[in-house]
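Undergrad: Before I ask anything, let me first share the structure, which is written out below as structure tokens.
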Amino acid sequence: RTLAGIWPYAGGDVRRSRDSMFIPQHPYFPNGTLREALAYPEAAGRYPDAEMQAALSEALLPQLAGELDRVDAWSQKLSGGEKQRLAIARVLLKQPQWVFADEATSALDAQSEETVYGKLLAMVDKAGGGIVSIAHRASVAAFHDRRWELQASEAGAPARYTLKATAG
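Here it is as structure tokens:
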């Protein structure tokens, strides 16, 4: 959340590309209109309705495309999978070059995960960027050509890791 710029309780300097976005496992959405939740932290009027509706459809939320002006407590209203897909819709709307995903599809079924990763990969490939994912699910490895694998170590011992190339 600090890297995403939405957690002000830490100090120091963080430098990140302006053309990057972070998708957390438990995304934040402000109370208000769906339009505001989707555009956050930017102004809701920055994006045309058609672009917002397309992003919602691409993120497998077509049922929300007609609800842009609906006011709700979106963080409470939506299921875990819907919240993750809304966060992915936010990324698809803003079209960053780089995406950092922390357990971003942990609440999705395998088919939905494959669909949204396909959309994200097409987006970053077009922009000449990439996706860095953190995940416990082995299925996420299929969407990447490299992975760092961290292994548990004994208490007090340094962590072990290996870099593995994956088929892709």
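Using the numbering used here, the first residue of the sequence shown is number 8, and each one after it goes up by one.
Virtual Cβ for every residue (Gly too), placed ideally from N, Cα, C.
Please read these numbers as outputs of a predicted model, since none were measured by experiment.
Among Ile30, Leu67, Trp81 and Arg77, which one has its Cα closest to the Cα of Phe36?
TA: Within the sequence shown, residue 36 is the residue found at index 29, counting from 1. Among Ile30, Leu67, Trp81 and Arg77, the Cα nearest to that of Phe36 belongs to Trp81.
Undergrad: Taking buried to mean at least 16 other C-beta atoms within 10 Å of its own C-beta, is Arg25 buried or exposed?
TA: Walking along the sequence shown from the start, residue 25 turns up at place 18. Its Cβ having fewer than 16 others within 10 Å, Arg25 is exposed.
Undergrad: Taking the alpha-carbon of Leu63 as reference, which of Ala94, Arg77 and Leu85 has the nearest alpha-carbon?
TA: Locating residue 63 in the sequence shown gives position 56, where the first residue counts as 1. Of Ala94, Arg77 and Leu85, the residue nearest in Cα terms is Ala94.
Undergrad: Go ahead and label Ser146 buried or exposed: buried means 16 or more other beta carbons lie within 10 angstroms of its beta carbon, across all protein chains shown.
TA: Residue mapping note: residue 146 aligns to position 139 of the sequence shown, counting from 1. Classification of Ser146: exposed, given that the 10 Å Cβ count is below 16.
Undergrad: Decide if Gly175 is buried, meaning its Cβ has at least 16 other Cβ atoms within 10 Å, or exposed.
TA: As a position in the sequence shown, residue 175 is number 168, starting the count at 1. Legend: pLDDT at Gly175 = 47, less than 50; position of this residue unreliable, value from coordinates given subsequently. Gly175 should be labelled exposed.
Undergrad: Trp43 to Pro55, Cα distance in whole Å?
TA: Working through the sequence shown from its first residue, we reach residue 43 at position 36. Working through the sequence shown from its first residue, we reach residue 55 at position 48. The displayed chain sequence assigns Glu, not Trp, to residue 43. Their Cα atoms are separated by approximately 12 Å.
Undergrad: Assign Gln118 to buried or exposed, taking buried as 16 or more other Cβ atoms, counted over all protein chains shown, within 10 Å of its Cβ.
TA: Translated into the one-based positions of the sequence shown, residue 118 becomes position 111. Counting Cβ neighbours within 10 Å, Gln118 comes out exposed, since fewer than 16 surround it.
Undergrad: Tell me the residue span of the beta strand (DSSP E) that contains Asp109.
TA: Locating residue 109 in the sequence shown gives position 102, where the first residue counts as 1. First-last of the beta strand (DSSP E) with Asp109: Trp105 to Asp109.
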